[in-house]
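Encoded as structure tokens, the structure appears first; notes follow it.
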Amino acid sequence: MAHPFNDFEIVRRARENNVPDKRFQGIPKSALTSLLVVAAIIGLYILSRNIYPLFHSFADMITVLITTGIFVLVWNRRHLLDNHFYLFVAITFLFFAFWDFLHLLGNKGMGVFTQYGNMGPTLYIVSRYILSISFLVSPLFIKRRLNITITFTVYLAVTVLLLLSIFYWQNFPVTYVEGSGLTSFKVISDYVICGILLGSIILLFTNRKVLDTRVIKLVIFSLFLSIATGLAFTKYIDPFGVTNALGHFIQIASFYLVYSAFVETIIIKPQDILFRNLKQSEKAHKESEEKYRNLFNNMTEEVHFWKLERDHDGQIKTWRLVDVNPPTLKTWGKQSVEEIKGKTTDEIFGPGSTEHYLPIVQKVIAENTPHSYEDYFPNLNRYFKFTTVPLGDYFITTGVDITTIKQASQSLKESEERFRTLSETSPIGVGISSADGVLLYTNPSYEFILGYNHTELIGKKAYDLYSNPEERRSWLGKMQENGVVQDIETMLKKKNGIPIWVSITASPMLYGGKETVMGTIQDITDRKKVDQIKDEFIGMVSHELKTPLTVTMGALNVAMTQGITEEEKKSLLEDAVWGVDSMADIVDNLLELSRSQSNRLVLKSSSLDITKTINRLVVQFRGKSNVHRIIASLENDLPTIKADLTRVERILENLIDNAIKYSSQGGEITISARKDGDNVLVSVRDSGIGISSEDQDKLFQPFQRLEAATSNSTIQGIGLGLVVCKRLVEAHGGKIWVESETGQGSTFFFTLPL
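In the numbering used here, the protein residues as written are 6 to 759.
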């Protein structure tokens with residue numbers, strides 16, 4: 006069998022040079038063919054009128070030979086066909102020939118299937134169904150390839166099933182009854198087959214522009230004659246009658262037209278089809294090349310076309326330029342393709358270029374798959390993204406300038422790194438949540454403030470962190486209206502359920518390409534407590550100063566009134582002095598606390614006789630309170646200590662004053678002192694209400710008053726005395742504590758180093 010390219014070339018050249026193809030010079034001319042056809046028809050007619058069974062056999066054998074011959078010739082020239090319509094029809098004819106041959110053997114009087122009766126009509130109707138249905142399907146293969154294996158498998162399977170149905174299972178419908186003629190099934194089937202053939206004609210006519218004009222005309226005429234054949238075979242009663250004979254003549258004519266369409270057009274004159282294919286191929290190639298050139302020249306990206314150059318071992322040595330588009334010339338700083346065409350990369354870009362790109366080219370060619378990569382050109386200060394596509398011993402590389410994208414990406418990366426560094430090291434909590442409130446990012450401070458780890462917060466609803474979720478919805482609505490919202494104070498819940506006060510600032514932002522909300526939180530719980538203490542302190546100071554101030558002002562005003570006695574005036578002045586002393590104590594304690602908190606407390610130490618100091622204060626307080634028994638119990642020969650006299654007196658005054666406040670009238674207050682190792686241990690014991698263990702924990706905190714004191718309006722003070730005592734004792738290097746039971750009185754101890 007000749008190679009298809011050789012056949013194609015022979016036909017193309019013969020067409021171009023108007024030289025007949027010598028391989029077909031032995032084919033008869035049309036006039037001789039027509040004469041032989043007329044002679045055959047006359048002979049068959051005479052035979053049909055004298056020996057009908059022989060005529061019938063000849064007629065069927067003619068169709069069998071024609072259809073079988075079409076299959077053989079088309080099969081051997083299938084590589085020349087421009088579509089697989091011809092091949093599909095040829096395979097159909099092969100199986101039709103098989104069934105038509107069985108029809109010939111099954112006719113009455115042939116003596117082949119005697120046990121089944123006259124099988125001719127049955128086998129005929131099967132062959133007609135196969136032919137008509139196949140022609141209806143055939144247009145599908147005008148524009149698509151035929152899977153020959155599947156096609157033969159389907160036809161063989163159908164053939165086997167039909168043979169089993171007719172001869173083994175014997176369940177195929179009866180088509181002829183002796184003495185009555187054709188059955189309804191046979192007549193209806195002929196009409197159905199004619200309808201299918203008419204549908205085939207319509208489909209073929211619809212696709213007439215794809216097939217050769219002569220082929221389509223002859224096939225359509227053949228199908229019309231096949232319809233006429235079917236109609237003729239619906240009318241006979243005697244299988245050897247005139248109507249049956251007419252049907253066979255029409256059938257022969259039908260297949261003669263198929264012969265003309267397939268044999269003469271495809272085999273005798275294939276150059277008509279092949280030259281049409283050639284022109285279409287050349288036209289398509291020209292159009293394709295024009296499209297390629299337009300695309301090549303108008304692309305904004307770089308395109309360079311290279312040809313590989315190999316060494317003796319077949320290894321890639323270098324590659325030479327075949328073509329480039331205008332954007333490439335502009336980037337390379339070249340005026341035309343001619344000045345660089347055929348040059349290697351080293352010759353165009355300088356030594357080392359081939360070595361630089363060789364691994365990429367080797368990878369692309371070895372794997373036969375495209376590969377994308379980025380490269381930076383220092384001389385241009387630009388980044389490019391290249392894609393190299395293999396084409397046998399060639400390859401095409403396209404390039405896109407991505408400098409702007411790289412710079413933007415680098416800026417974004419640097420910005421993200423700055424944000425992350427700032428966020429990760431910031432003492433302020435930073436959280437980012439989606440539009441529906443799901444946390445997407447939290448920094449370590451955010452997690453520390455709320456007591457969660459990172460994985461516990463990511464994906465958690467931000468609303469769940471609020472003591473009152475409605476507060477978040479409220480400020481979120483304000484943010485959507487006005488943009489950034491700042492310094493919103495609200496309460497969040499820590500992981501352990503403890504509420505904390507935070508200050509929140511929030512603003513909308515894009516995160517991961519989506520609209521989100523970034524919020525910062527600062528723990529202001531301590532500040533809130535300080536504010537609360539400050540408010541309470543102001544209230545307490547105002548209240549505590551008001552009483553002595555009122556007493557002082559009232560006493561002085563009355564003392565200046567005329568008509569009062571000297572005794573009354575003296576009593577009023579004593580009340581005024583008490584008020585001033587009380588206010589002075591409050592102010593002195595405030596000053597001491599302020600100095601301690603601001604690290605401005607400076608001790609003026611000197612030798613101090615603790616015995617004399619305590620005795621002097623006992624006498625002083627006995628004068629202030631004549632309802633309490635104030636006793637000094639001091640160890641003999643107490644050594645002197647080095648301390649600040651004023652501050653030691655402040656410590657003792659606060660402790661004795663507290664003892665007086667919390668002791669019932671007439672109670673005993675004892676001030677003791679003794680040497681205790683390297684310290685002097687001083688204590689003030691009262692016989693008052695005592696202190697509970699809960700109150701003992703908060704005794705030395707600012708502005709704390711005992712529960713009993715707050716419930717007893719007669720006990721005055723703002724809770725600063727003990728705090729001042731603690732600060733002053735610790736400033737001297739000592740320590741202070743209390744021992745007490747509720748209802749059993751209290752004893753305050755403090756030490757001063759010798």
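From the three backbone atoms N, C-alpha and C, an ideal C-beta is built for every residue, glycine too. Computed from a predicted structure; not experimentally measured.
Quick one: give me the first and last residue of the alpha helix (DSSP H) that residue i is part of.
| i | result |
| --- | --- |
| Ser610 | That residue, Ser610, is in no alpha helix (DSSP H); it is neither H nor E in DSSP. |
| Pro331 | 331-337 |
| Ser745 | Segment 741-745 is the beta strand (DSSP E) holding Ser745; no alpha helix (DSSP H) there. |
| Val760 | Since the first and last residues shown for the chain are 6 and 759, residue 760 lies out of range. |
| Gly726 | 726-736 |
| Arg133 | 125-142 |
| Thr350 | 350-354 |
Taking the alpha carbon of residue i as the point to measure from, which residue in the options has its own alpha carbon closest?
| i | options | result |
| --- | --- | --- |
| Ile365 | Pro356, Gly355, Ile526, His376 | His376 |
| Thr305 | Thr323, Asn330, Arg477, Gln320 | Asn330 |
| Ser745 | Val79, Tyr667, Leu515 | Tyr667 |
| Val405 | Tyr388, Glu421, Thr359, Pro395 | Tyr388 |
| Glu640 | Val159, Arg600, Ile676 | Ile676 |
| Val369 | Pro395, Thr350, Tyr378, Pro383 | Pro395 |
| Asn373 | Ser358, Glu461, Leu595, Ile401 | Ile401 |
| Tyr471 | Leu166, Lys500, Asn487, Thr447 | Lys500 |
| Ser670 | Gly693, Asn663, Glu658, Asp681 | According to the sequence as given, residue 670 is Gln; it is not Ser. Comparing Cα-Cα distances from Gln670 to each of Gly693, Asn663, Glu658, Asp681, the minimum goes to Gly693. |
| Asn212 | Ser428, Gly184, Phe146 | Phe146 |
Opposite residue i in the DSSP bridges: which residues?
| i | result |
| --- | --- |
| Ser688 | Ser677, Phe754 |
| Leu444 | Ser438 |
| Leu99 | None; Leu99 has no bridge partner. |
| Ile635 | Ile674 |
| Lys528 | Checking the sequence shown, residue 528 turns out to be Asp, not Lys. DSSP output for Asp528 lists Val507 as bridge partner(s). |
| Asp492 | Answer is none; Asp492 lacks a bridge partner. |
| Val556 | DSSP, once it has assigned bridges, lists no residue as partnering Val556. |
| Pro178 | DSSP, once it has assigned bridges, lists no residue as partnering Pro178. |
| Asp406 | Phe389 |
| Met514 | Thr521 |
| Val394 | Ile401 |
| Trp480 | Answer is none; Trp480 lacks a bridge partner. |
DSSP state of residue i, grouped into three classes?
| i | result |
| --- | --- |
| Trp506 | strand |
| Lys498 | strand |
| His361 | helix |
| Trp311 | strand |
| Ala648 | strand |
| Lys148 | coil |
| Tyr457 | coil |
| Met66 | helix |
| Met6 | Confidence in Met6 is poor, its pLDDT being 35 and thus under 50, which makes the residue's placement unreliable; the coordinate value appears in the next sentence. Note: Met6 maps to coil in three-state DSSP. |
| Ser341 | coil |
| Arg213 | coil |
| Asp700 | helix |
| Leu759 | coil |
| Val117 | coil |
| Leu427 | helix |
| His543 | With the sequence shown as reference, residue 543 is identified as Ile, and His is not the correct amino acid for it. Three-state result, Ile543: helix. |
| Asp469 | helix |
| Asp328 | strand |
| Thr305 | coil |
Should residue i be flagged as near chain B, meaning a C-beta pair shorter than 9 Å?
| i | result |
| --- | --- |
| Asp380 | Although the question refers to chain B, the structure presented lacks it and comprises just one protein chain. |
Start and end of the beta strand (DSSP E) containing residue i?
| i | result |
| --- | --- |
| Ser377 | 376-382 |
message: Counting beta carbon pairs with one atom in the region 641-652 and one in the region 671-689, are three or more of them shorter than 8 Å?
response: The region 641-652 and the region 671-689 touch, with three or more beta-carbon pairs separated by less than 8 Å.
query: Counting Cβ pairs, one atom from each stretch, are 3 or more of them under 8 Å apart for the region 171-188 and the region 125-135?
result: Contact between the region 171-188 and the region 125-135 is present, with at least three C-beta pairs closer than 8 Å.
- request: Decide if the region 547-564 is in contact with the region 620-635; the criterion is three or more beta carbon pairs, one per stretch, under 8 Å apart.
  value: Cβ pair count under 8 Å is below three, so no.
message: So, does the region 734-747 touch the region 648-662, judging by three or more C-beta pairs under 8 Å?
response: Contact holds: three or more Cβ-Cβ distances are below 8 Å.
- prompt: Quick one: any contact between the region 599-616 and the region 628-636, if contact means 3 or more CB pairs under 8 Å?
  reply: Cβ pair count under 8 Å is below three, so no.
query: With a cut-off of 8 Å, do at least 3 Cβ pairs link the region 148-165 to the region 76-92?
result: The region 148-165 is in contact with the region 76-92.
- prompt: Does the count of Cβ pairs from the region 501-512 and the region 408-428 closer than 8 Å reach three?
  reply: Counting C-beta pairs with one atom in each stretch, the region 501-512 and the region 408-428 have fewer than three that are closer than 8 Å, which means they do not touch.
task: Kindly confirm or deny that the region 437-453 and the region 507-519 touch, where touching means at least three C-beta pairs closer than 8 Å.
output: Output reads yes: the region 507-519 touches the region 437-453.
message: Counting beta carbon pairs with one atom in the region 569-587 and one in the region 693-708, are three or more of them shorter than 8 Å?
response: In short, these stretches do not touch, since the Cβ pair count stays below three.
field: Cβ contact check for the region 221-237 and the region 59-73: 3 or more pairs under 8 Å
entry: Verdict: no, contact absent.
- prompt: Any contact of the region 187-207 with the region 129-140, i.e. 3+ C-beta pairs under 8 Å?
  reply: Counting Cβ pairs under 8 Å, three or more are found: they touch.
- prompt: Any chance the region 107-116 sits against the region 75-84, with 3 or more Cβ pairs inside 8 Å?
  reply: A contact is defined here as three or more CB-CB pairs under 8 Å, and the region 107-116 fails this definition with respect to the region 75-84.
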